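K.L.:
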Amino acid sequence: MSDEQLIQEILSGNKEAFHTLMLKYQQPVFRTVMGFVHSKEDAEDITQDVFLQVFRSLSTFQGNAKFSTWLYRIALNTSINHVNRNKWRNFFTASGDSLKSIFNRSNEDKNPQQQLEVNEREKMIRQAIEQLPEKQRTAFILSKYEELSQREIAEIMETTEGAVEQLLQRAKLFLRKKLAHLVGK
Amino acid sequence: MKIDEQIDDFIHQEKQIQPNSFLATRIMAKLEDSEQVHRKIPALQKLAIAVSLTLIVMMGIGIGSIGKFTDNYASININDTQIENLNLYIFDSYE
């Protein structure tokens, strides 16, 4: 069943159709949100908010753009709002999280020292991604986490392909500069 | 390891994280709950309006009763015809 058919079914009151639509899109939405929050629990909560929002505003979807484009826009806005609202909370819990992750990863063949280094590196990468300016970050996440084409990203961000290419280039340079000290570690 | 590879490696690891397999079910349950709340709200609203209107009327009656005058008051009849006689105040007559 196509997205349009599913939407028509949902609008006529078929809840099972919404369940089908959700199963189809929950992975991409979850992955995109993960790119912003880097936490499974938060990503699940935000994914839930996204789909509740989709259900409530489905009647306003006019079909000018693809459903997936509309869905990505909702996911991006919800994630960005969440990140902005929780800036201070993230600042205080970041150190706690890195300690937690050391103890949670017992399955890897690394001694505590190596594990600590890996965690430290991951934390730096995560922080560097978080420090990206909003538009660069959005383009970067859609490109890297979702592997969308520049045309698709441009459509979601309502900009040109050229602008997306520039955003991705700048994001790459920003991350290289921020993480230059990791080379050789 | 190059920076780009390290970043890709980090992203690859994050992409391996799967959402809870019951996430869709959880969302459907949440949806049902919120719909039930939405359905309850209009009925509750009507009830709340009716109750508050009744309370306001009763409060009005109560407040009105507090200031009720008692019957034991003295009445004074004042004949003010002299007061109103403005000739008394005509300046010329006192000169």
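Heads up: the sequence lines are chains A and B, in that order. Note that the working numbering has the first sequence beginning at 1, numbered continuously upward. Note that the working numbering has the second sequence beginning at 1001, numbered continuously upward. We put the CB at the ideal spot given by N, CA and C, even for glycine. Only a predicted model underlies this, so the values are computations on that prediction, with no experimental measurement involved.
1. Using DSSP with H/G/I as helix, E/B as strand and the rest coil, what is serine 12 of chain A?
2. Please name the residue, chosen from A:Glu165, A:Ser12 and A:Gln62, that lies closest to lysine 135 of chain A on a Cα-to-Cα basis.
3. If I measure Cβ to Cβ from lysine 178 of chain A and keep anything under 6 angstroms in the same chain, skipping five residues before and after, which residues do I get?
4. Measure the Cβ-Cβ separation of lysine 54 of chain A and isoleucine 80 of chain A and say whether it is below 8 angstroms.
5. Measure the C-alpha to C-alpha separation of isoleucine 1076 of chain B and leucine 1044 of chain B and round it to an integer number of angstroms.
6. Whole-angstrom Cβ separation of isoleucine 1056 of chain B and glutamine 48 of chain A, contact assumed at under 8 angstroms?
7. Please work out which residues of its chain come closer than 8 angstroms, Cβ to Cβ, to glycine 13 of chain A, disregarding the five sequence neighbours upstream and downstream, and give them in chain order.
8. Mind listing the chain A neighbours of lysine 1024 of chain B? Cutoff is C-beta to C-beta under 9 angstroms, in chain order.
9. From A:Val118, A:Glu158 and A:Ala154, pick the residue whose C-alpha is nearest to that of glutamine 1013 of chain B; which is it?
10. Suppose the cutoff is 6 angstroms on Cβ atoms and the five residues either side in sequence are ignored; what does the same chain contact list for glutamine 1006 of chain B look like?
11. Given that a residue counts as buried once 16 or more other Cβ atoms are within 10 Å of its Cβ, and exposed if not, what is glutamate 146 of chain A?
12. Helix or strand or just coil, what does DSSP make of isoleucine 102 of chain A?
13. Is the shortest distance between the beta-carbon of proline 1019 of chain B and the beta-carbons of chain A less than 8 angstroms?
14. For tyrosine 25 of chain A versus leucine 71 of chain A, is the C-beta spacing smaller than 8 angstroms?
15. Which residues in chain B have a C-beta closer than 8 angstroms to the C-beta of glutamine 48 of chain A? List them in chain order.
16. Glutamine 1006 of chain B touches chain A at which residues, Cβ-Cβ below 8 angstroms?
17. Output the distance between the C-alpha atoms of valine 29 of chain A and histidine 181 of chain A, rounded to the nearest integer angstrom.
18. In angstroms with no decimal places, state the Cα-to-Cα distance between glutamine 169 of chain A and glutamate 1032 of chain B.
19. Does arginine 186 of chain A get closer than 8 angstroms to chain B when you measure Cβ to Cβ?
20. DSSP state of serine 1052 of chain B, grouped into three classes?
21. Run through DSSP, which three-state label would proline 1042 of chain B get?
22. When the distance is taken between beta carbons, is leucine 21 of chain A closer than 8 angstroms to leucine 6 of chain A?
23. For leucine 132 of chain A, tell me which candidate among A:Thr69, A:Ser39 and A:Val83 has the shortest Cα-Cα distance.
24. DSSP three-state call for isoleucine 1027 of chain B: helix, strand or coil?
25. Does DSSP put serine 68 of chain A in a helix, in a strand, or in coil?
26. Give a yes or no on whether 8 angstroms exceeds the smallest Cβ distance from isoleucine 1003 of chain B to chain A.
P.N.:
Concretely, from the data shown:
1. Residue 12 of chain A sits at position 12 when you count from the first residue of the first sequence. In this structure, serine 12 of chain A counts as coil in the three-state DSSP scheme.
2. Start at 1 with the first residue of the first sequence, and residue 135 of chain A comes out as number 135. Among A:Glu165, A:Ser12 and A:Gln62, the Cα nearest to that of lysine 135 of chain A belongs to A:Glu165.
3. Counted from its first residue, the first sequence places residue 178 of chain A at position 178. So the qualifying residues of the chain are Ala128.
4. The count along the first sequence starts at 1 and reaches residue 54 of chain A at position 54. The count along the first sequence starts at 1 and reaches residue 80 of chain A at position 80. The question names lysine, but residue 54 of chain A is valine in the sequence shown. Cβ distance not < 8 angstroms, so valine 54 of chain A and isoleucine 80 of chain A don't count as in contact.
5. One-based indexing of the second sequence puts residue 1076 of chain B at position 76. One-based indexing of the second sequence puts residue 1044 of chain B at position 44. Distance between the alpha carbons of isoleucine 1076 of chain B and leucine 1044 of chain B: 56 angstroms.
6. Along the second sequence, read from residue 1 onward, the residue named residue 1056 of chain B stands at position 56. Along the first sequence, read from residue 1 onward, the residue named residue 48 of chain A stands at position 48. Between glutamine 48 of chain A and isoleucine 1056 of chain B the Cβ distance is about 41 angstroms, and since that is not below 8 angstroms, they are no contact.
7. Here the question's residue 13 of chain A lines up with position 13 in the first sequence. Cβ within range, chain order: n/a, list empty.
8. Start at 1 with the first residue of the second sequence, and residue 1024 of chain B comes out as number 24. Before going on, a small fix: residue 1024 of chain B reads as alanine here, not lysine. Residues of chain A passing the Cβ test: His19, Met22, Leu23, Gln26 and Phe51.
9. As a first step, residue 1013 of chain B is located in the second sequence; it is residue number 13 there, counting from the start. Cα-wise, what sits closest to glutamine 1013 of chain B is A:Val118.
10. As a position in the second sequence, residue 1006 of chain B is number 6, starting the count at 1. For glutamine 1006 of chain B, where only same-chain residues beyond five positions count, there are no Cβ hits under 6 angstroms.
11. As a working mapping, residue 146 of chain A is identified with position 146 in the first sequence. With 16 or more Cβ atoms within 10 Å of its Cβ, glutamate 146 of chain A is classed as buried.
12. Taking the first residue of the first sequence as position 1, residue 102 of chain A is located at position 102. Unreliable positioning characterises isoleucine 102 of chain A in this predicted model, as indicated by a pLDDT of 48, which lies under 50. The coordinate reading is nonetheless provided below. Note: isoleucine 102 of chain A maps to helix in three-state DSSP.
13. Residue numbering aside, residue 1019 of chain B sits at position 19 when the second sequence is read from its first letter. So yes, proline 1019 of chain B belongs to the interface.
14. Here residue 25 of chain A is taken as the residue at index 25 of the first sequence, counted from 1. Here residue 71 of chain A is taken as the residue at index 71 of the first sequence, counted from 1. Contact: yes.
15. For the purposes of this step, residue 48 of chain A is taken as residue 48 along the first sequence, with counting starting at 1. Result: Leu1023, Arg1026, Ile1027 and Lys1030.
16. On the second sequence, residue 1006 of chain B is found 6 positions in, with the first residue counted as 1. Within chain A, the residues near glutamine 1006 of chain B are Arg121, Ile125, Leu179 and Leu182.
17. Within the first sequence, the letter at position 29 stands for residue 29 of chain A. Within the first sequence, the letter at position 181 stands for residue 181 of chain A. Cα-Cα distance, rounded: 33 angstroms.
18. By 1-based counting over the first sequence, the position of residue 169 of chain A is 169. By 1-based counting over the second sequence, the position of residue 1032 of chain B is 32. Roughly 44 angstroms separates the two Cα atoms.
19. In the structure as shown, chain A starts at 1 and stops at 185, and residue 186 of chain A therefore has no counterpart that could be examined.
20. By 1-based counting over the second sequence, the position of residue 1052 of chain B is 52. Of the three classes helix, strand and coil, the one that applies to serine 1052 of chain B here is helix, per DSSP.
21. In the second sequence, the residue the question calls residue 1042 of chain B occupies position 42. Here proline 1042 of chain B sits in helix by DSSP.
22. Stepping through the first sequence from its first residue, residue 6 of chain A is reached at position 6. Stepping through the first sequence from its first residue, residue 21 of chain A is reached at position 21. Yes, these two residues count as a Cβ contact at 8 angstroms.
23. One-based indexing of the first sequence puts residue 132 of chain A at position 132. The option with the nearest alpha carbon to leucine 132 of chain A is A:Val83.
24. Your numbering for residue 1027 of chain B matches position 27 in the second sequence. Reduced to three states, the DSSP call for isoleucine 1027 of chain B is helix.
25. Stepping through the first sequence from its first residue, residue 68 of chain A is reached at position 68. Three-state result, serine 68 of chain A: helix.
26. Counting from 1 along the second sequence, the entry for residue 1003 of chain B is found at position 3. Interface residue, yes.
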